[in-house]
Amino acid sequence: LGSAQDGSTFWLLSGHVYCQKEGTMRWLCPLASFNRLSREAPPPLSPTD
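In structure tokens:
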């Protein structure tokens, strides 16, 4: 999904968004919530094509 400025990477797995940082992956939120957050306040992500 992209990466944040602190070096963490966001992954989409089975409709859920995970945040990976320093080799540790943790669940962030369901994709629906992530999309809603992105529309309301875009996170500092660098888009990956």
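To get our numbering, take the position in the sequence shown, counting from 1, and add 309.
The beta-carbon is built from N, C-alpha and C at its ideal position, and this holds for glycine as well.
message: Which runs of the beta strand (DSSP E) at least 3 residues long sit entirely within the segment 311-347? Give them in chain order.
response: Correct list: 318-322, 325-330 and 333-339.
message: Between the alpha carbons of G316 and K330, how many angstroms are there, rounded?
response: Using only the alpha carbons, I get a separation of about 7 Å.
task: Please go through the same chain and pick out, in chain order, the residues whose beta-carbon is closer than 6 Å to the beta-carbon of G324, but skip the five residues on each side of it.
output: These residues qualify, in order along the chain: L340.
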